[in-house]
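Order-wise, the sequence lines are chains A and B. If you read the first sequence in the numbering used here, its first letter stands for residue 1, the second for the next number, and so on. If you read the second sequence in the numbering used here, its first letter stands for residue 1, the second for the next number, and so on. In this text, a Cβ means the ideal position worked out from N, Cα and C, and glycines have one as well. Please read all numbers here as calculations on a predicted model, not as lab measurements. Everything on this sheet refers to the single structure shown next.
2 protein chains.
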Amino acid sequence: MSFPERSTRQRQILLAALSSAGRPLLPGELHEIARAEVPGLGIATVYRNLKLLLDEGILQAVNLPGENVRYEIRAQPHHHHFQCRTCGRVFDIPGCPGSLEHLAPAGFIADGHELTLYGRCPDCARA
Amino acid sequence: MSFPERSTRQRQILLAALSSAGRPLLPGELHEIARAEVPGLGIATVYRNLKLLLDEGILQAVNLPGENVRYEIRAQPHHHHFQCRTCGRVFDIPGCPGSLEHLAPAGFIADGHELTLYGRCPDCARA
DNA sequence: TTGATAATGATAACGCATTATCAATTCTGA
DNA sequence: TCAGAATTGATAATGCGTTATCATTATCAA
């Protein structure tokens, strides 16, 4: 919740890109998308703002197996993700199958879970 | 399936450690465990044998969200994992909740999933 | 036992994502 | 409009997991 925050063109575009993407983005993906609006935008600025927005609670980190951290607008409280095996992009899955904690073997106390689906996104399913 | 494979003490111990651990191990964990038997064992040897055993299909890689790759003996065809929030260790969960692919939104074609449970392992639940 | 060679250990090197540095630029309140 | 401070861009530096290098050692078929 650091406050001396200025509204720079770069910051606006980064947030807008994350917002309109509607899916978790890698720093590199975000950089590329934002570059379309602000050609000179540097990768360091992407990381700086990502961290800043994360600290403010505006963004949340998304970790998938074997993948680098992605970031998305904090919206739905608990949901899962779908990764396309073809293009590698990650999408939100609205909803949760519910309690999966009962799968824990005896002696284990489960209090949470992460689920990732794999397959083809609409774009890649068509092709 | 490279064959000129010799039975070295190091290789024996590494396989034995993975086998008796009964859970996925990080290269570093494996190194530490194996060191107990072969004090001079180097980390490079751990990585070399991990890759070799993986190529031979004796081991399989285990990727969890935000974690480095772990390795375990290839046994159960499809199962999931439990990570302890306290000690960080990863354990196998026998069984699978079944098809979760139906959660995919319209337009998406899901053909697989990964599931990780979080909580406390028996050791840490006791403490 | 021996010779050919695979394997090892120590460590330098690498790849890659992320962060620090710093001069130049841009905001913003006064 | 202006000064002070935050922000940016370019890039060097960092951290860390993994791999390459190479001299030495161990394995194993003959």
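| Check | Outcome |
| --- | --- |
| CB contact below 8 Å: residue 30 (chain A) versus chain B | no |
| Cutoff 8 Å: residue 104 (chain B) Cβ touching any chain A Cβ | yes |
| Extent of the continuous alpha helix (DSSP H) to which residue 90 (chain B) belongs | Where residue 90 (chain B) is concerned, there is no enclosing alpha helix (DSSP H), although the beta strand (DSSP E) it sits in stretches over 90 to 93. |
| Identity of the residues DSSP links to residue 13 (chain B) by a beta bridge | Note: residue 13 (chain B) sits in no beta bridge, so no partner. |
| Sub-8 Å separation of residue 79 (chain A) and residue 92 (chain A) beta-carbons | yes |
| Nearest-angstrom Cα separation, counted from residue 45 (chain B) out to residue 21 (chain A) | 44 Å |
| Reduced DSSP category for residue 96 (chain A) - H, G, I as helix; E, B as strand; rest coil | coil |
| Where residue 104 (chain B) falls, given that 16 or more other Cβ within 10 Å makes a residue buried | buried |
| Contact set between the region 97 to 127 of chain A and chain B, restricted to residues whose Cβ is under 7 Å from the partner | 97, 100, 101, 103, 104, 105, 107, 108, 109, 110, 111, 112, 113, 114, 115, 116, 117, 118, 119, 120, 121, 122 and 125 |
| Counted within 10 angstroms of its Cβ, other Cβ atoms place residue 120 (chain A) as buried (16 or more) or exposed | buried |
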